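Novice: Residue numbers (this note's numbering): -15 to 234. Even glycine gets a Cβ: it sits at the ideal position worked out from N, Cα and C. Values in this document were obtained by computation on a predicted structure and should not be read as measured data.
Below, the structure is given as structure tokens:
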């Protein structure tokens, strides 16, 4: 029997979850480790042994050495991807360096926006406003070929969006509120605007907090809460992430 393939991934934590989520499920590094494990269980990777390191880029932790990595995964965040805070500018530089070295990258929500911004796209407030809780979006021809579905349902939590993709990037899908639901650059980049790692517990905690803060209106909170427990394709997308990461380069 062949030994499992070792695959080295750095999870770049771009935020810290709300306190109730940290208490039950840990940091975003912990949440994404479990997310990736579910993708293996869902058939996305056969005979692979993942070696994962985490780095909280907001807190200024030292970035992992790119030469020791196969891939990066950038998490979501409450911060604005178009801001010019020092840690965001440093993250943009790191992404560009990773791309130059040919490292595969996966971006989730804020991570999707950061990767696109770093490589020449445009990110800003979304003209469609907030898109939250479990939502369905249509896949483009490229998305359908890559993912094997015509549409996907995933948790969403964003009011920022990629408005223009970087050169040579392909759009994965669109919804009524967000025209660019993900991006793909063959053998290099896979991003999604949604949160495939979210559970109904994570979503409900964020909804409750933002409703209490006055960010979400009563109507938005009620509608989103009713959709928070709907079935979604999170584990399927995790399996798709693994297939992308392990696909042989041409």
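Quick check on the burial criterion: 16 or more other C-beta atoms within 10 angstroms. Buried or exposed for residue 101?
Specialist: So residue 101 counts as buried.
Novice: Taking all protein chains shown into account, do 16 or more other C-beta atoms lie within 10 angstroms of the C-beta of residue 87, making it buried, or fewer, making it exposed?
Specialist: Per the 10 Å Cβ criterion, buried.
Novice: Per the DSSP calculation, residue -7 is bridged to which residue(s)?
Specialist: Per DSSP, 36 and 55.
Novice: Mapping the DSSP letters down to three states, classify residue 44 as helix, strand or coil.
Specialist: DSSP places residue 44 in coil when its eight states are reduced to three.
Novice: Does residue 121 come out as helix, strand or coil in the three-state DSSP assignment?
Specialist: If DSSP states are grouped into helix, strand and coil, residue 121 belongs with the strands.
Novice: In angstroms, rounded to a whole number, what distance separates the CA positions of residue 128 and residue 135?
Specialist: Cα to Cα, the separation comes out at about 8 Å.
Novice: With 16 as the cutoff for other CB atoms within 10 Å, does residue 113 come out buried or exposed?
Specialist: With fewer than 16 other Cβ atoms within 10 Å, it is exposed.
Novice: Based on Cα-Cα distance, which residue from 207, 169 and 193 lies nearest to residue 229?
Specialist: Among 207, 169 and 193, the Cα nearest to that of residue 229 belongs to 169.
Novice: So does the stretch 198 to 211 actually touch the stretch 37 to 46, counting three or more Cβ pairs closer than 8 Å?
Specialist: Short answer: they don't touch.
Novice: Using beta-carbon positions only, say whether residue 139 and residue 179 come within less than 9 Å of one another.
Specialist: Contact flag set, yes.
Novice: Given this structure, state the Cα-to-Cα distance separating residue 83 from residue 172, to the nearest angstrom.
Specialist: The alpha-carbon atoms of residue 83 and residue 172 are separated by roughly 8 Å.
Novice: For residue 286, collect the residues of the same chain with a Cβ closer than 7 Å to its Cβ; drop the 5 residues on either side in sequence, then sort them by chain order.
Specialist: Since the first and last residues shown for the chain are -15 and 234, residue 286 lies out of range.
Novice: How far does the beta strand (DSSP E) with residue 73 in it extend, from its first residue to its last?
Specialist: Run containing residue 73: none in the beta strand (DSSP E); it sits in the alpha helix (DSSP H), 70 to 84.
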